[in-house]
Every structure is written in C-alpha cells, then in structure tokens.
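J.: Here the working numbering is used: the first residue of the sequence shown is 3, the next is one more, and so on.
Positions of the beta carbon are idealized from the N, C-alpha and C atoms, including for glycine.
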Amino acid sequence: MATTTAAQKRAEAKVQYNAFLAACPSQRLLAQVSGKWVTLVLSALGSGPDCDGGPRPMRYSELARVLAGVSPKMLSQTLRSLERDGLVSRTATATVPVTVTYELTSLGVSLHETVRQLKTWSEQHRDEVTAHQEDFDATH
Numbered sequence: 003m004a005t006t007t008a009a010q011k012r013a014e015a016k017v018q019y020n021a022f023l024a025a026c027p028s029q030r031l032l033a034q035v036s037g038k039w040v041t042l043v044l045s046a047l048g049s050g051p052d053c054d055g056g057p058r059p060m061r062y063s064e065l066a067r068v069l070a071g072v073s074p075k076m077l078s079q080t081l082r083s084l085e086r087d088g089l090v091s092r093t094a095t096a097t098v099p100v101t102v103t104y105e106l107t108s109l110g111v112s113l114h115e116t117v118r119q120l121k122t123w124s125e126q127h128r129d130e131v132t133a134h135q136e137d138f139d140a141t142h
C-alpha cells in the first residue's frame, strides 16, 4: 500500500477547491480580495492615478490622494493585508523621512485585470443600477 505525503494530500485537495462549499479555503480568499478598498488599491497600483498605464510603484501619500475617502487607518490595514497575502510588496528607502513605496507583485498583477474590469463595470452601470433600485423601492 502506497503512502501519501502531506504535500500530495494538499495537491489533491487543491484540485477539489470549490468556493461554493462552506469548508473551502478559497471562500476566505474570495471574501478578502473582493473588499472595496482592496479592489481600489489593486486597481490604483495596477494602472496608476491616470488609469491608463501599467503597474507602477506608488507612495502611501499618492495612494491616499488617489483613493478619495479612505482613512489613513483603513489604507494602512489594506496595504498590510495585501502585503501579507503576497499581492503587494512594500519597499522602504532610507531617506529623511523614510520613503515607502508599494507595488503589485506578480501575483497581484495576475489579479489586477479582473479587479480593473469590476471597477470599470461599476462606473459604467451605476446609473442603471440606481434606476433599478429606485423602481424596486417604489414598488415594495
């Protein structure tokens, strides 16, 4: 009888990932990467503030300006979470004061296009969704 290593068991389980199942670990990740600020940070880092370039590093203060409405605490928490997940890298340069930049990792770049499409869709269909909400509220 052949024995199965822990790595082989993980590989077999990975093939069976299904986010519709409550016990699936990908469910947690899906919830994590679909948050409002996560989506906007990934989108900003993936194309810069002008929304038409490739991924590039950005300083914390630049991100804060681009992401109107984000509190310093929320931006810091979001960046730390993205760094922990391997989607963003943080680089500190010894200057006075210290210069800190954030940029997408290759894993973050692989998620960027999906996030960007979601942002674009929401911008293009906001009025339509609002009209449906108003119609629904008027009849219910």
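1. Kindly indicate the opening and closing residues of the alpha helix (DSSP H) around T116.
2. Identify whether S143 lies in helix, strand or coil by the three-state DSSP scheme.
3. Given 8 Å as the limit, is there contact between the segment 95-108 and the segment 10-28, that is, 3 or more CB pairs closer than that?
4. Compare the C-alpha of S36 against each of D137, Q119 and T132 and name the closest.
5. Taking the straight line between their C-alpha atoms, what separation do you get for S63 and S73?
6. Three or more C-beta pairs closer than 8 Å, one from the segment 83-100 and one from the segment 128-137: is that the case here?
7. To which residues does DSSP link M60 through a beta bridge?
8. In or out: H114 buried (at least 16 other Cβ within 10 Å) or exposed?
9. Terminal residues of the continuous alpha helix (DSSP H) containing S73?
T.: Reading it off the structure:
1. In the sequence shown, residue 116 corresponds to position 114, counting from 1. T116 -> alpha helix (DSSP H) spans S108 to T141.
2. Because the chain is modelled from 3 through 142, residue 143 falls outside the range shown and cannot be assessed.
3. no
4. By 1-based counting over the sequence shown, the position of residue 36 is 34. Cα-wise, what sits closest to S36 is Q119.
5. Locating residue 63 in the sequence shown gives position 61, where the first residue counts as 1. Locating residue 73 in the sequence shown gives position 71, where the first residue counts as 1. So the two alpha carbons sit approximately 12 Å from each other.
6. no
7. Translated into positions along the sequence shown, residue 60 becomes position 58. Bridge partners of M60: Y104.
8. Your numbering for residue 114 matches position 112 in the sequence shown. With 16 or more Cβ atoms within 10 Å of its Cβ, H114 is classed as buried.
9. On the sequence shown, residue 73 is found 71 positions in, with the first residue counted as 1. Note, S73: premise wrong, no alpha helix (DSSP H); not H, not E.
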